[in-house]
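The opening position of the sequence shown corresponds to residue 1 in the UniProt record's numbering, with each subsequent residue numbered one higher. Note that beta-carbon positions come from the ideal geometry of N, C-alpha and C, so glycine has one too. For reference, the structure is listed below as structure tokens.
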Amino acid sequence: MKYLLSILFFFGVSVLYAQQRNIITELQTRKAGEGVITIHQDPQIANLVGTVQLSSASASDARTIKTRGYRVQVYAGNNSRQARSEANRVANKVKEQFPDMPIYTYFQPPRWLCRVGDFKSVEEAHSAMRKLRATGDFKEVTIVREQINLPIE
């Protein structure tokens, strides 16, 4: 009996927490010594407040798994603004020549990096590295071990 009562109590508390007030109702509540705020808006907007919208990026993350693998590094600069623009320029050049390869441009202190691909094995990465070198556009091409994103099939 005590077990059942404790379950009912926790259920009641969770229902109360589920009905927490949002920012709109909080702002419209009259409080002594404070001003009055009136919000005129479509009720659909009020329904959206406090909800979580999945973006396309997180939807694609839901279909991938992160694991250890290999990428091909095509650029490694320093921490300057010029290095950032150079990393983005190299990324655009790779995207033009290899549109199906995923490209990752990011700052990993102390340098800007541009890495390409999500390869499970060194052999796959080596094959991509040979293709990148064959273009003659990329000076510093090397294989690095890193956490990669693999699609779930």
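Taking all protein chains shown into account, decide if residue i is buried (16 or more other Cβ within 10 angstroms of its Cβ) or exposed.
i: D118; result: buried
i: L5; result: exposed
i: F107; result: exposed
i: R30; result: exposed
i: I103; result: buried
i: T105; result: buried
i: Y70; result: buried
i: M129; result: buried
i: A87; result: buried
i: V49; result: exposed
i: A134; result: exposed
i: V90; result: buried
Output needed for residue i: all residues of its chain with C-beta closer than 7 Å, excluding positions within five of it in sequence on either side, in chain order.
i: A76; result: R111, L113 and E140
i: A46; result: I24
Following a CB-centred definition, is residue i positioned closer than 8 Å to any heavy atom of the ligand FAD?
i: T38; result: Absence of the ligand FAD is noted for the structure shown, with no ligands found whatsoever.
Determine, using beta carbons only, whether residue i and residue j come nearer to each other than 9 Å.
i: L8; j: T64; result: no
i: Q147; j: R81; result: no
i: Q41; j: I24; result: yes
i: L79; j: P109; result: Here the sequence assigns Asn to residue 79, which means Leu is not the residue at that position. Yes, they are a contact pair.
Residues in the same chain with beta-carbon distance under 6 Å from residue i, minus the five sequence neighbours each way, listed in chain order, please.
i: F98; result: none
i: A32; result: none
i: V144; result: R71 and Q73
List the endpoints of the continuous alpha helix (DSSP H) containing residue i.
i: residue 154; result: Because the chain is modelled from 1 through 153, residue 154 falls outside the range shown and cannot be assessed.
i: T135; result: V122 to T135
i: Q41; result: It is not in any alpha helix (DSSP H) - Q41 carries neither H nor E in the DSSP assignment.
i: R30; result: No alpha helix (DSSP H) contains R30, which DSSP labels as neither H nor E.
i: V94; result: R81 to Q97
For residue i, report the span of its beta strand (DSSP E) as first-last.
i: I65; result: T64 to A76
CB-CB under 8 Å to residue i, same chain, minus the five flanking residues each way: which ones, in chain order?
i: V94; result: V74, M101, I103, C114, V116, L132 and F138
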